[in-house]
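Q: Following the numbering used here, the numbering of the sequence shown begins with 41 at its first residue and continues without gaps. For glycine and all other residues, C-beta sits at the position ideal for the given N, C-alpha and C. My questions all concern the structure below.
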Amino acid sequence: MKSYYVYILRCSDGSYYTGVTNDVERRFYEHQEGLIEGCYTHDKRPLKLMHVEEFTDIIEAICREKQIKGWSRRKKEAIIAGDYEELVKLSKSHPSTEPALSGTARKGEPFDRACPERKEAEKKDSSTSSE
């Protein structure tokens, strides 16, 4: 089964970059070596890999990436630290900038609230399987 990963990088200027890939090692190398001109991280090297989550569904991985990109710096730092209590607290006091992506699901949990694309894909699957 294929895996997909959502990752958070810490840039040399202290900012965070969130991305999705099917090969974290390769993608980190590409970022670190500046192989992708125009990428946010290109002029912010060296980079440090801070957090990785694994998914078996690309749609869920992309939705999680979008969700994290909408988070505040404090929420990103809470998940990097593995402080889920703080993450829940921050989610209540500072919702994401994208309301549809404001769930606080953890690794391995469904992202139905945070992933409208997932619901659409499931609708298509169920309508074609009953034909």
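Quick check on the DSSP output: what are the complete alpha helix (DSSP H) runs of length 4 or more inside the region 41 to 86, in order along the chain?
A: 64 to 73
Q: Taking the beta carbon of Arg66 as the centre, do at least 16 other beta carbons fall within 10 Å, making it buried, or is it exposed?
A: One-based indexing of the sequence shown puts residue 66 at position 26. Arg66 comes out exposed.
Q: Measuring CA to CA, which of Thr61, Lys132, Gln72, Gly110 is closest to Ser52?
A: On the sequence shown, residue 52 is found 12 positions in, with the first residue counted as 1. Answer by Cα proximity: Gln72.
Q: For Glu117 and Cys79, I'd like the C-alpha separation in whole angstroms.
A: As a position in the sequence shown, residue 117 is number 77, starting the count at 1. As a position in the sequence shown, residue 79 is number 39, starting the count at 1. Between Glu117 and Cys79, the C-alpha separation is close to 22 Å.
Q: Is it the case that the Cβ atoms of Ala101 and Val64 are separated by a distance below 8 Å?
A: Here residue 101 is taken as the residue at index 61 of the sequence shown, counted from 1. Here residue 64 is taken as the residue at index 24 of the sequence shown, counted from 1. No. Outside cutoff.
Q: Distance, Cα to Cα, Glu94 vs Ile119?
A: To locate residue 94, count along the sequence shown from 1; it is residue 54. To locate residue 119, count along the sequence shown from 1; it is residue 79. Straight-line Cα distance between these residues: approximately 14 Å.
Q: Determine the direct distance from the alpha carbon of Lys132 to that of Gly54, and round the result to whole angstroms.
A: As a working note, residue 54 is residue 14 in the sequence shown. As a working note, residue 132 is residue 92 in the sequence shown. In a straight line, the C-alpha of Gly54 is about 25 Å away from that of Lys132.
Q: Alpha helix (DSSP H) containing Ser133: first to last residue?
A: The count along the sequence shown starts at 1 and reaches residue 133 at position 93. Where Ser133 is concerned, the enclosing alpha helix (DSSP H) stretches over 124 to 133.
Q: Assuming Leu130 and Arg114 make a contact with CB atoms under 8 Å, what is their CB distance in whole Å?
A: Position 90 of the sequence shown, counted from the start, is the residue given in the question as residue 130. Position 74 of the sequence shown, counted from the start, is the residue given in the question as residue 114. Contact between Leu130 and Arg114 holds: CB atoms are separated by about 6 Å, below the 8 Å threshold.
Q: How close, in whole Å, do the beta carbons of Tyr47 and Thr81 come, if the pair is a contact with beta carbons under 8 Å?
A: Start at 1 with the first residue of the sequence shown, and residue 47 comes out as number 7. Start at 1 with the first residue of the sequence shown, and residue 81 comes out as number 41. Contact flag wrong, Cβ pair sits at about 11 Å.
Q: Please say whether Asn62 and Lys42 have beta carbons closer to each other than 8 Å?
A: As a position in the sequence shown, residue 42 is number 2, starting the count at 1. As a position in the sequence shown, residue 62 is number 22, starting the count at 1. In this structure, Lys42 places its C-beta atom within 8 Å of the C-beta atom of Asn62.
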